[in-house]
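Each remark here refers to the structure printed beneath this line.
Chains as they are written, first to last, in this note's numbering: chain S, 367 to 627; chain A, 301 to 742.
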């Protein structure tokens, strides 16, 4: 099912998922997922609501238990590969009234590297400021997080992941409900990450922008329908198979299917 | 390095004020309230103050984890432990406190097990443990009393607290154990902060979230057990959460919140004890809680930024400002549509257009000298006309920005129409917009 062109064939596999199954209440949320993600791709994971996209990421990162299957990061398990992986969760998972500042949240991304008894110091603060600068939030460093807009919160989470300087990034709907300025900032970051050779997997909700932003795409609806380069994988037929004819999407001007079909 | 922001200065002001009031309270109570500072009062006041510090600091985390009522459940859950410890070891304070701690701790674990393995929600689980453990405690105490053993006298002080029972060794115990708890807190400060703020991210980064949850719960149980004698199981939750709630209103920083909690807790504990000494019939535990919640009330009412008074004042200010803006715009549009800015606008029109807000708006504009009333019409003054014209121009530039920013290759920023666009964009970008606008109007 994976569609590798000759260039990506030469690259190492950053993420290898085999037979991954996750079930809630005896019903599979994702089923027998096999996926090989070559290094350096910017991949969108798309599918209808309830398709298991968030579940997939959480299972791969050991945040929820797997019913079956494995996930390997450059051949290693997640426990051994933690320092290689960065995670940007959905915004709603946190109490934004917690008394802390933007730069404090970003610095938390470095706690893992500090270990048990060291406190964050000058070096950590500089790294955090640099990450904030990358997302255009350097002026907001001392701002209390409850004073942030949705898009600014998203960029703070993004900076927290960037500061970890990981090799593989997972992002859960980073573009959901953000303003235009934030969207542009996130796209710029994604492109820069790819240029630096990082691998980025993004659960994405907006079909209109898949072809503009991502060079790889995985179509998921409990099972993997297709996965590969966007140009060859993001086709009308695959979309119909994934969404079941319920998607209204303009592909270069023509409608794929109408809603309510 | 020591750059204090306005918010920081405000926090230090609050700390300073409370400390001074606290210190002055001692001579005040001696002279005005006729309180005599005997050994008992000094011990109780000191014990209350130190307890206030310990429970205030640890209680911050209960509040931030949305586990304030958990503190109540845990306090009530301590009672059967006291009774069982008495039955096993007699009226030995150390044993009673250890028993209280174990009963509370079992209660916490039971709640967590219920939450993790069944569909019971947090409030229900806490209600179950609170009611069940407390009922067992009451039943056991009743049984103990029925045995009419002289040594059981005073066991029920654990329900309501009794300050007179506090002796110097108790104060030392609270100090030492409290100090150890603080050491643990300081050691794992960043872990506690991370696990409380975003436990999922903490887990993904290799932190043992379960371990830190248990450790934090244990510290809270320790705080509760230390305060049981003074405050009793029923009121202990107040000592735990009041300082933290009050502190949160004054600061956005966790470390400041914790320090403020300690200060508020010390104040409540100390002055509460002193106030209760005014009359022998005033119970100490409840008095401390009353002082603590007086601080909470003042904080919620008056804290800048979050407080009720602040919010009401700001809303009123906003209403006035928006009314003035909108009224000015309506007057300007009407006048301009009739030829020039000094054209008189009839009262009936402006009220008809603006409705209730108009009176507020007109008052603001008149006060600033932007309009002048003339019988039943209103005219813009020359100052008012200039302000209105600049405002209209600004809005037009924003309109052009929204539609043409991409085409004119102007950097993308968040629109803020309350601000002057000249302050939001660099000079060359604004000039592009101005030229575009000129071209459109021509």
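Where is the CB? At the ideal position from N, CA and C, for every residue including glycine. Source: prediction; values computed, not measured.
(request) Counting only runs of 4+ residues fully inside the region 534 to 588 of chain S, write out the alpha helix (DSSP H) ranges in chain order. (result) 546 to 561, 576 to 579
(message) Please state whether the Cβ-Cβ distance between residue 547 (chain S) and residue 714 (chain A) is less than 8 Å.
(response) yes
(message) Please confirm whether residue 545 (chain S) has its beta-carbon closer than 8 Å to some beta-carbon of chain A.
(response) yes
(request) Please compile the residues from chain C whose C-beta is within a distance smaller than 8 Å of the C-beta of residue 483 (chain S). (result) Annotation note: the requested chain C is absent from the structure, which comprises protein chains S and A.
(request) Under 8 Å by Cβ, that's how I've got residue 528 (chain A) and residue 400 (chain A) pegged, so tell me the actual separation to the nearest angstrom. (result) 6 Å
(message) At the 8 Å Cβ level, is residue 655 (chain A) part of the contact set with chain S, yes or no?
(response) no
(message) Can you look up residue 679 (chain A) in the DSSP assignment and give me helix, strand or coil?
(response) strand
(message) Which of the three DSSP states is assigned to residue 626 (chain S) in this structure?
(response) Because residue 626 (chain S) carries a pLDDT of 42, less than 50, the predicted location of this residue cannot be relied on, and no value is offered for it.
(request) Would you kindly work out how many angstroms separate the C-alpha atoms of residue 596 (chain S) and residue 693 (chain A), rounded to a whole number? (result) 46 Å
(request) State the DSSP-derived secondary structure class of residue 304 (chain A), mapped to helix, strand or coil. (result) coil
(request) Please name the residue in S:404, S:587, S:505, S:527 whose C-alpha comes closest to that of residue 397 (chain S). (result) S:587
(request) Could you tell me whether the region 575 to 594 of chain S touches the region 411 to 429 of chain S, where touching means 3 or more Cβ pairs closer than 8 Å? (result) yes
(message) Tell me the rounded alpha-carbon separation between residue 518 (chain A) and residue 493 (chain A).
(response) 16 Å
(request) Report buried or exposed for residue 464 (chain A), applying the criterion of at least 16 other Cβ atoms within 10 angstroms of its Cβ. (result) exposed
(request) Find the residues of chain S that neighbour residue 497 (chain A), judging by a C-beta separation of less than 8 Å, and give them in chain order. (result) 460, 461, 464, 466, 471, 474
(request) Compare the C-alpha of residue 676 (chain A) against each of A:649, A:688, A:347, A:698 and name the closest. (result) A:649
(request) Verify the contact flag: residue 366 (chain A), CB atom, against every heavy atom of the ligand FAD, threshold strictly below 7 Å. (result) For the structure depicted, the ligand FAD is absent and the ligand set is empty, with no information on it obtainable.
(request) Would you please verify whether the beta carbon of residue 714 (chain A) is less than 8 Å from any beta carbon of chain S? (result) yes
(message) With three or more C-beta pairs closer than 8 Å as the rule, is the region 503 to 523 of chain S touching the region 462 to 470 of chain S?
(response) yes
(request) Measure from the alpha carbon of residue 515 (chain A) to the alpha carbon of each residue in A:482, A:320, A:647, A:699, then state which is nearest. (result) A:482
(request) Look at the Cβ atom of residue 380 (chain S), then the Cβ atom of residue 403 (chain S), and state whether they are nearer than 8 Å. (result) yes
(message) Output needed for residue 491 (chain A): all residues of its chain with C-beta closer than 7 Å, excluding positions within five of it in sequence on either side, in chain order.
(response) 507, 512
(request) Out of S:423, S:553, S:592, S:539, state which residue places its alpha-carbon closest to the alpha-carbon of residue 572 (chain S). (result) S:539
(message) Beta carbons nearer than 7 Å to chain A: which residues of the region 444 to 456 of chain S have them?
(response) 448, 453, 455
(request) Determine the direct distance from the alpha carbon of residue 598 (chain A) to that of residue 613 (chain A), and round the result to whole angstroms. (result) 16 Å
(request) List the endpoints of the continuous alpha helix (DSSP H) containing residue 641 (chain A). (result) Per DSSP, residue 641 (chain A) belongs to no alpha helix (DSSP H) and is neither H nor E.
(request) Let me know if residue 312 (chain A) comes out buried or exposed under the rule of 16 or more other beta-carbons within 10 Å of its beta-carbon. (result) exposed
(message) So the candidates are S:501, S:523, S:494, S:554; which of them puts its Cα closest to the Cα of residue 529 (chain S)?
(response) S:494
(request) Give the straight-line distance between the Cα atoms of residue 459 (chain S) and residue 520 (chain S), rounded to the nearest whole angstrom. (result) 12 Å
(message) So, at 6 Å on beta carbons, what are the nonlocal neighbours of residue 504 (chain S) in its own chain, with the 5 sequence-adjacent residues on each side left out?
(response) 498
(request) Please name the residue in A:370, A:371, A:403, A:375 whose C-alpha comes closest to that of residue 385 (chain A). (result) A:403
(message) For chain S, check one thing: does any of its Cβ atoms lie closer than 8 Å to the Cβ of residue 627 (chain A)?
(response) no
(message) Just to make sure I have the definition right: I need the residues of chain A whose C-beta is within less than 7 Å of the C-beta of residue 550 (chain S). Which are they?
(response) 712
(request) Ignoring anything shorter than 4 residues or poking outside the region 561 to 623 of chain A, list the alpha helix (DSSP H) runs there in chain order. (result) 584 to 602
(request) Excluding the 5 residues preceding and the 5 following residue 524 (chain S) in the sequence, name in chain order all residues of the same chain whose CB lies nearer than 6 Å to its CB. (result) 454, 501
(request) Measure the alpha-carbon distance for residue 393 (chain A) versus residue 489 (chain A) and round it to whole angstroms. (result) 31 Å
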